[in-house]
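Its first residue numbered 1, the sequence shown is counted upward by one per residue in the working numbering. Backbone N, C-alpha and C fix where the C-beta goes; we use that ideal spot for every residue, glycine too.
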Amino acid sequence: MIDDGLNLDSLSANSQEAFTEFESQIRTAYEKSMRDDRQHETDQNDNYIGSYAPERSYVMAVLAFLDEFGLETEIEDISELEGEEFYKQFRQFKSKIEYTTMRYKLRKSRIANGGVGTVIAIAATYKTEIGSLLEKIRKIVNQEVAAGNKKDKIFTKITALQSEVDRDLTTVDAAFGRVLDLSKMLGEAGGNIKPAVDQLERIKKLFWDRSEKVEQLPKPDRPKMITEEKPEGYQGYGESPRDLDDEIPF
1 MIDDGLNLDS LSANSQEAFT EFESQIRTAY EKSMRDDRQH ETDQNDNYIG
51 SYAPERSYVM AVLAFLDEFG LETEIEDISE LEGEEFYKQF RQFKSKIEYT
101 TMRYKLRKSR IANGGVGTVI AIAATYKTEI GSLLEKIRKI VNQEVAAGNK
151 KDKIFTKITA LQSEVDRDLT TVDAAFGRVL DLSKMLGEAG GNIKPAVDQL
201 ERIKKLFWDR SEKVEQLPKP DRPKMITEEK PEGYQGYGES PRDLDDEIPF
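Following this line, the structure appears as structure tokens:
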């Protein structure tokens, strides 16, 4: 199993950052398993006769993380495909994963240097309070909303909002965007959902009243290259007249 030996306890509390860390671990394990698989699953003519077990394990591990943490991506489930068609789609699957992890890394960097909206920080005390309110919303939804796709979508939005709260730094757009997403889903839920909406209103107030704007350091000026001054009479190629004079012994 390529997931043997993974250090899940070390993953970041933020789901996007945790995904980049998890994917790095699972990819290293996959590459080792793949090399062993290719060495043993070939015929006498070096044709591959295996079932692409390492690739399937990688796919299932990635999909399990995305589903568990409610990350919204455009990554498709290819686990039902067989043979060469599976492997063909796997290469595209892996490329999409590489793209996704790079986007998450870039987003983290842009937030850190102030390149994404207005950066805010939420004190640990208020993170705990917001987390408690989100858990209350989850319980209300679990009780009042019929099981099915609608409930799952609401839980996904709750997880996404919790992920944003857990960040050391986030932005006004990101935080309130998550709140609006959840608010919209609750509005479409039906049933006696008002108590959940009330809890979400309290979360909005905490974001508004208890978030602190984080002033970012100005970006350093980029050094400029300065054209070197040439001696008078220099024609723009070769050595300068002064250099030539120095080399001529008479």
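- Between Ile137 and Leu200, the CB-CB gap stays under 8 Å.
- When the beta-carbon positions are compared, Lys213 and Ile120 come within less than 8 Å of each other.
- Taking the Cα positions, Ala29 is about 26 Å away from Arg107.
- Taken through DSSP and simplified to helix, strand or coil, Thr20 comes out as helix.
- Within the same chain, and ignoring the five residues on either side of Pro54 in sequence, the residues whose Cβ sits closer than 7 Å to its Cβ are Ile2, Tyr30, Ser33, Met34, Asp37.
- For Thr170, DSSP records a beta bridge to Ile120.
- Its Cα nearest to that of Ala175, the residue Ile122 stands out among Asn192, Ala13, Ile122.
- One thing to note: Ile154 has its Cβ within 8 Å of the Cβ of Val145.
- With 16 or more other Cβ atoms inside 10 Å of its own Cβ, Asn14 counts as buried.
- Per DSSP, the continuous beta strand (DSSP E) segment holding Glu212 begins and ends at 211-213.
- For secondary structure counted as the alpha helix (DSSP H) over 4 or more consecutive residues, the region 123-165 holds these complete runs in sequence order: 124-144.
- In this chain, Leu71 is not harboured by any alpha helix (DSSP H), its DSSP state being neither H nor E.
- Take the alpha-carbon of Val62 and the one of Asp198: they are about 35 Å apart.
- In this structure, Ile158 is the residue among Lys150, Thr128, Arg103, Ile158 with its C-alpha nearest to the C-alpha of Phe69.
- Between Ile193 and Ile130 a beta carbon distance of about 19 Å is seen, past the 8 Å cut, so the two are scored as non-contacting.
- For a cut-off of 8 Å, the C-beta gap from Phe90 to Ile75 is around 12 Å, too long to register as a contact.
- Closest option to Gln16, judged by alpha-carbon separation, among Lys88, Tyr52, Val59, Met102: Met102.
- As a beta-bridge residue in DSSP terms, Tyr48 pairs with Thr42.
- By the beta-carbon neighbour count (other beta carbons within 10 angstroms, threshold 16), Ser163 is buried.
- Judged by DSSP in its simplified three-state form, Ser10 adopts helix.
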